[in-house]
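Position one of the sequence shown corresponds to residue 4 (the working numbering), numbered consecutively onward.
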Amino acid sequence: MHIDDEIEIKAAPETVFAMLSRIECWPHIIPAIVDVEVVTSGPVQSGTRFLETRDIHGRRETVEMTVAEYEAPRRLVMTAEAHGTRYRIAHDIDGERERTLLRISFSGEPVSIAARLLAPIGTLFAPSVRQHIRSDLEALRRAVELDQLPDAAEAPGSGS
Numbered sequence: 004m005h006i007d008d009e010i011e012i013k014a015a016p017e018t019v020f021a022m023l024s025r026i027e028c029w030p031h032i033i034p035a036i037v038d039v040e041v042v043t044s045g046p047v048q049s050g051t052r053f054l055e056t057r058d059i060h061g062r063r064e065t066v067e068m069t070v071a072e073y074e075a076p077r078r079l080v081m082t083a084e085a086h087g088t089r090y091r092i093a094h095d096i097d098g099e100r101e102r103t104l105l106r107i108s109f110s111g112e113p114v115s116i117a118a119r120l121l122a123p124i125g126t127l128f129a130p131s132v133r134q135h136i137r138s139d140l141e142a143l144r145r146a147v148e149l150d151q152l153p154d155a156a157e158a159p160g161s162g163s
């Protein structure tokens, strides 16, 4: 499965990247994300691992994700493996001044035998995945344009 989407955001690329790369703040920004626990220490960079818990159709699903590429302020790529499928989510940021285009490319490649056998059925879920991606993009756009980035003290896991 491969899904591409994009959204225009009325903010500088640096501002968009700052919001996107504050992984610990995602539960404050993206309604479907219930919790994020960063499991590596230090700033977010290539190699950072975190647990993302999402509410998907009323069920909570936690997946360990890894930041595979971190190129501020232009690119953030995350990878994960779950249910026999390898996922890759690339965020590409392009623009200048107060106008940014955020592109997302989501792919899921079945790697286990069971996932390969079920892959044709998985295409039935593509519209739902596309809708979740669009909702995440819209939520991020709103948060950036309304300047809703929480202070570090308000972020989950900050000890407050």
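Backbone N, C-alpha and C fix where the C-beta goes; we use that ideal spot for every residue, glycine too.
Cβ pair residue i, residue j closer than 8 Å
i, j, result
"residue 24", "residue 75", "yes"
"residue 10", "residue 133", "no"
"residue 14", "residue 141", "no"
"residue 4", "residue 103", "no"
"residue 6", "residue 117", "no"
"residue 88", "residue 123", "no"
"residue 19", "residue 26", "no"
With 16 other Cβ atoms within 10 Å as the buried cut-off, status of residue i
i, result
"residue 156", "Because the pLDDT of residue 156 is 42, which lies under 50, any placement of that residue in the model is unreliable, and the question is left without a value."
"residue 162", "Any reading at residue 162 must be qualified, since the residue scores a pLDDT of 40, below 50, and its modelled position is unreliable; no value is offered."
"residue 98", "buried"
"residue 160", "Because residue 160 carries a pLDDT of 43, less than 50, the predicted location of this residue cannot be relied on, and the following value inherits that uncertainty. So residue 160 counts as exposed."
"residue 30", "buried"
"residue 60", "exposed"
"residue 79", "buried"
"residue 42", "exposed"
"residue 105", "buried"
"residue 139", "buried"
Nearest-angstrom beta carbon gap, residue j and residue i [assumed within contact, 8 Å]
i, j, result
"residue 55", "residue 39", "5 Å"
"residue 50", "residue 69", "7 Å"
"residue 110", "residue 91", "5 Å"
"residue 35", "residue 58", "6 Å"
Residue interval of the beta strand (DSSP E) (run including residue i)
i, result
"residue 20", "Note, residue 20: premise wrong, no beta strand (DSSP E); alpha helix (DSSP H) at 16–24."
"residue 33", "Unbroken run through residue 33: none, as it is neither H nor E."
"residue 4", "Here residue 4 belongs to no beta strand (DSSP E), and DSSP marks it neither H nor E."
"residue 71", "62–74"
"residue 98", "88–99"
"residue 80", "78–85"
Residue range of the alpha helix (DSSP H) that includes residue i
i, result
"residue 140", "129–148"
"residue 106", "From DSSP, residue 106 is part of no alpha helix (DSSP H) but of the beta strand (DSSP E) over 102–113."
"residue 125", "116–125"
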